[in-house]
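In our numbering, each residue's number is its place in the sequence shown (first place is 1) plus 38.
What follows is a short report on a single structure.
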Amino acid sequence: MDENPEFAAIEQARDLVIDSIAETMDLYGITRSVGILYGTMYMRDEMTLDEMREELQMSKPSMSTGVKKLQDLNVVKKTFHRGIRKHTFVAEKDFFKFFTNFFPPKWEREVQVNVSAIEEAQADLQEVLQKETLSEEMKNEAQRLYEQLESSKAYYDWLKRLAESVQSGEIFKFIPIETK
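Okay, here's the thing in structure tokens:
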């Protein structure tokens, strides 16, 4: 590669953005290496696994695993070109689409896991509250916990509606996308 100052400045700018994307994705539970992979793909056009491996100096199995993870998150797509044997992949470059693909499934999973646990815990607490031999102290504690769990359901209902509004695009009626 050419090592003139302009090229170095462009590469430095690209690396800065790739690093910030990787750090941001790490905040949301995606490994830094997968974040770097996405950032690299974001800053480039289509790439083959070999091109990714060469650029990032990672093993081909690591590249495949990372790309598969990004495909599962629906932020990387496999592309097809007639007459070309190697698969190419392209990253979602529209961060609004990335947002609508990435977050709602995580929120839906949070709702499913926690509401299920709350319902099971409340059923257990109902059984405890039915016992006639229950002390007043235990009854008060079971009732307090039951009510606390009941009040948390409002959050999970809200989170479910948020996920639905992001997926449908309805949220953009309330918080419009402003282009600069």
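Each residue gets a CB set at the ideal place from its N, CA and C atoms; glycine is no exception.
Remember, predicted model here, so these are calculated numbers, not experimental data.
Query, Result
"Whole-Å CB distance - L111 paired with K98, under 8 Å assumed", "With 8 Å as the limit, L111 and K98 do not qualify as a contact, their Cβ atoms being about 20 Å apart."
"Inter-stretch contact at 8 Å, needing at least 3 Cβ pairs: the region 71-90 / the region 46-63", "yes"
"For V113, three-class secondary structure by DSSP", "coil"
"Span of the alpha helix (DSSP H), counted from its first residue to its last, around T138", "F133 to Q168"
"For T78, the nearest candidate out of L54, Y66 and A201 (CA to CA)", "L54"
"Cα-Cα separation, N42 to D195", "56 Å"
"Span of the alpha helix (DSSP H), counted from its first residue to its last, around F118", "No alpha helix (DSSP H) holds F118; DSSP gives it neither H nor E."
"Top-ranked residue by Cα proximity to V128, from P143, T138, E89 and F137", "E89"
"V149 classed as buried or exposed, judged by whether at least 16 other C-beta atoms fall within 10 angstroms", "buried"
"Simplified DSSP state of M90, which is helix, strand or coil", "helix"
"Cα-Cα separation between F210 and E216, rounded to whole angstroms", "10 Å"
"Proximity below 8 Å, CB of M85 to CB of T126", "yes"
"Proximity test, Cβ basis, 8 Å: E44 and chain B", "Absence of chain B from the displayed structure is noted, only one protein chain being present."
"Segment contact flag, the region 136-149 with the region 163-175, C-beta cutoff 8 Å, min 3 pairs", "no"
"Helix, strand or coil at M96 according to DSSP, with G and I counted as helix", "coil"
"Straight-line Cα distance separating Q186 from A159", "11 Å"
"Outcome for I213 when other beta-carbon atoms lying within 10 angstroms are tallied against a minimum of 16", "exposed"
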